[in-house]
């Protein structure tokens with residue numbers, strides 16, 4: 480079997496030639512060694528090469544050949560080149576020596592074989608593939624965004640849970656604090672019934688409730704009441720009695736608080752105060768005497784107004800010092816903080832014996848305040864409920880003048 | 046005054062769908078099409094620029110994008126005076142493709158003037174190529190610019206700069 484076109488009959492060769500040229504532009508160029516166009520033919524117009532001039536540099540007329548000539552290998556093939564819009568061709572390059580051996584010279588031939596149809600077919604397939612790839616890339620990017628958003632969401636959720644836990648902890652702490660404060664307030668209310676507010680707060684803040692338990696302590700007890708109050712209350716209208724008592728209490732209670740005395744009880748016009756319990760104070764006798772003088776002055780001011788209204792009411796005080804049993808007495812719902820003992824009875828009896836404006840004190844008190852108070856000895860007084868008479872003195876006044884001002888100044892130093 | 050006229054072949058290289066054809070279209074025809082049409086083989090275009098006393102005809106070879114299916118035919122680069130590497134700012138993998146292409150071109154044809162364009166700057170909020178990536182390339186001595194074929198930003202400058210470098 481032979482190869483090459485020689486084996487084909489002329490009819491077949493012609494048919495093959497027709498098939499190669501059918502429906503596509505085929506053209507050729509011939510270029511010499513100096514890159515001058517020396518020949519051109521075929522279907523040049525579809526490539527925009529209809530007006531080529533022979534004898535002119537080829538690259539000036541066929542731009543696609545810029546840089547390609549002279550060719551470095553022959554034959555050389557460059558596929559699917561779109562030389563002009565919408566028209567693609569395969570470019571085939573080859574060289575052919577024209578003269579004999581050693582003469583040099585020759586031509587470079589360029590054949591343009593149109594492949595627009597095949598190129599467009601490839602383009603359609605490739606377009607689909609690339610569109611699909613781009614879609615997959617977008618999907619992957621979208622998935623990455625989704626995953627990132629999901630991770631952020633999970634992180635936010637964890638943070639939220641952590642915040643919620645912290646909030647719960649805060650709530651618990653807050654509840655505990657509220658409960659503690661409520662307990663404190665309850666305790667405070669309990670204390671306020673028999674202590675000055677400042678002392679009650681001090682005790683509550685220390686959290687020590689043991690002071691309410693029964694105990695013994697050396698105290699200065701002060702009793703005071705109004706002289707002629709029983710007669711007045713019998714003759715006056717209840718409203719008048721109530722008004723007078725209100726003024727009386729309003730004047731004395733703040734004084735008791737300012738001297739940090741413990742108010743034991745009110746019984747009508749009678750009032751009992753003691754010092755050195757529950758708050759310890761080294762000068763309980765002096766405080767009691769200074770309070771007594773301040774009370775006397777306050778009631779004296781009130782008495783002047785009462786006298787104008789025709790009420791003859793005086794004021795007497797008794798003070799004693801000694802050991803008493805103190806603490807919470809009573810029963811659930813009705814507790815009092817109170818002092819019980821001879822010292823309390825003694826102060827009450829001294830008060831009974833004191834005339835209007837008098838402050839009767841025991842000898843122990845008198846000795847304790849001799850430096851600060853002007854005293855007048857009353858003598859030995861037999862007191863009801865006591866087996867022996869007691870040496871009693873009256874507090875005439877204070878050596879340092881207005882005792883309240885002096886006291887308060889001393890407190891602030 | 047005599048005017049020198051030169052003709053230079055410039056190739057557009059890069060991954061597929063990075064905007065090579067759109068950049069040429071923007072540069073040559075000042076238009077932009079939203080439709081993406083993949084390039085098969087190569088498309089030839091021409092643009093004439095004047096650089097002082099020089100007139101330079103740029104013969105632009107817009108090569109098919111590089112991807113797994115169609116590897117760049119290095120034969121298209123023959124006779125090229127310079128090239129433009131293009132990457133898509135929204136697809137960081139295309140920068141890797143551009144860097145690999147540059148290595149292949151250099152191995153085959155030696156060092157040639159080139160410009161690296163990070164395209165699609167109009168979609169900056171979707172970029173995955175970072176400023177740090179670009180800064181690193183600049184530190185390594187690369188001519189790197191951002192561009193947008195859609196808006197035209199950076200396109201003219203890139204081609205003019207490359208033309209200046211390839212013109213004798």
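Residue numbers (my numbering), protein chains in the order written: chain A, 480 to 892; chain B, 46 to 213.
Positions of the beta carbon are idealized from the N, C-alpha and C atoms, including for glycine.
For residue i versus residue j, is the C-beta distance shorter than 8 Å?
i, j, result
"residue 99 of chain B", "residue 51 of chain B", "yes"
"residue 704 of chain A", "residue 750 of chain A", "yes"
"residue 59 of chain B", "residue 132 of chain B", "yes"
"residue 96 of chain B", "residue 212 of chain B", "yes"
"residue 505 of chain A", "residue 559 of chain A", "no"
"residue 854 of chain A", "residue 860 of chain A", "no"
"residue 819 of chain A", "residue 756 of chain A", "no"
"residue 799 of chain A", "residue 834 of chain A", "no"
"residue 871 of chain A", "residue 852 of chain A", "no"
"residue 606 of chain A", "residue 68 of chain B", "no"
"residue 566 of chain A", "residue 526 of chain A", "yes"
"residue 184 of chain B", "residue 163 of chain B", "no"
"residue 544 of chain A", "residue 535 of chain A", "no"
"residue 38 of chain B", "residue 146 of chain B", "The question about residue 38 of chain B has no answer here: the residues shown for chain B are numbered 46 through 213."
"residue 877 of chain A", "residue 752 of chain A", "no"
"residue 795 of chain A", "residue 706 of chain A", "yes"
"residue 572 of chain A", "residue 596 of chain A", "no"
"residue 775 of chain A", "residue 864 of chain A", "no"
Any idea if residue i is buried or exposed, counting beta-carbon neighbours within 10 angstroms, 16 or more meaning buried?
i, result
"residue 921 of chain A", "Look at the range of chain A in this structure, 480 to 892, and you will see that residue 921 of chain A is not part of it."
"residue 611 of chain A", "exposed"
"residue 90 of chain B", "buried"
"residue 695 of chain A", "exposed"
"residue 71 of chain B", "buried"
"residue 562 of chain A", "buried"
"residue 65 of chain B", "buried"
"residue 135 of chain B", "buried"
"residue 889 of chain A", "With a pLDDT of 47 at residue 889 of chain A, under the threshold of 50, the modelled position of that residue is not reliable, and the figure given next carries that caveat. By the neighbour-count rule (16 or more Cβ atoms within 10 Å), residue 889 of chain A is not buried but exposed."
"residue 564 of chain A", "exposed"
"residue 579 of chain A", "In this predicted model, residue 579 of chain A has a pLDDT of only 49, less than 50, meaning its place in the structure is not dependable; the value taken from the coordinates is given anyway. So residue 579 of chain A counts as exposed."
"residue 790 of chain A", "buried"
"residue 702 of chain A", "buried"
"residue 748 of chain A", "buried"
"residue 75 of chain B", "exposed"
"residue 193 of chain B", "buried"
"residue 202 of chain B", "exposed"
8 Å is my cut-off, CB to CB: does residue i come that close to chain A?
i, result
"residue 159 of chain B", "no"
"residue 136 of chain B", "yes"
"residue 121 of chain B", "yes"
"residue 129 of chain B", "no"
"residue 77 of chain B", "no"
"residue 89 of chain B", "yes"
"residue 51 of chain B", "no"
"residue 69 of chain B", "no"
"residue 86 of chain B", "yes"
"residue 163 of chain B", "no"
"residue 197 of chain B", "no"
"residue 148 of chain B", "no"
Does any C-beta atom of chain B lie closer than 8 Å to the C-beta of residue i?
i, result
"residue 557 of chain A", "yes"
"residue 567 of chain A", "yes"
"residue 571 of chain A", "no"
"residue 562 of chain A", "yes"
"residue 547 of chain A", "yes"
"residue 645 of chain A", "no"
"residue 616 of chain A", "yes"
"residue 660 of chain A", "no"
"residue 526 of chain A", "no"
"residue 503 of chain A", "no"
"residue 515 of chain A", "no"
"residue 605 of chain A", "yes"
"residue 587 of chain A", "no"
"residue 636 of chain A", "no"
Can you check which of these residues, the options, is closest to residue i by C-alpha distance?
i, options, result
"residue 817 of chain A", "A:824, A:823 and A:806", "A:806"
"residue 781 of chain A", "A:730, A:801 and A:759", "A:730"
"residue 708 of chain A", "A:619, A:727, A:693 and A:518", "A:727"
"residue 123 of chain B", "B:104, B:94 and B:112", "B:104"
"residue 866 of chain A", "A:848, A:878, A:840 and A:828", "A:828"
"residue 848 of chain A", "A:700, A:604, A:689 and A:765", "A:765"
"residue 767 of chain A", "A:621, A:636 and A:839", "A:839"
For the ligand COA, I want to know if residue i counts as a neighbour, meaning its beta carbon is within less than 7 Å of at least one of the ligand's heavy atoms.
i, result
"residue 755 of chain A", "Summarising the ligand content, the structure contains no ligands, and the ligand COA is consequently not present."
**OP:** Check whether the stretch 534-549 of chain A touches the stretch 128-148 of chain B, counting contact only when three or more Cβ pairs, one atom from each stretch, lie closer than 8 Å.
**Re:** no
**OP:** Check whether the stretch 521-533 of chain A touches the stretch 492-505 of chain A, counting contact only when three or more Cβ pairs, one atom from each stretch, lie closer than 8 Å.
**Re:** yes
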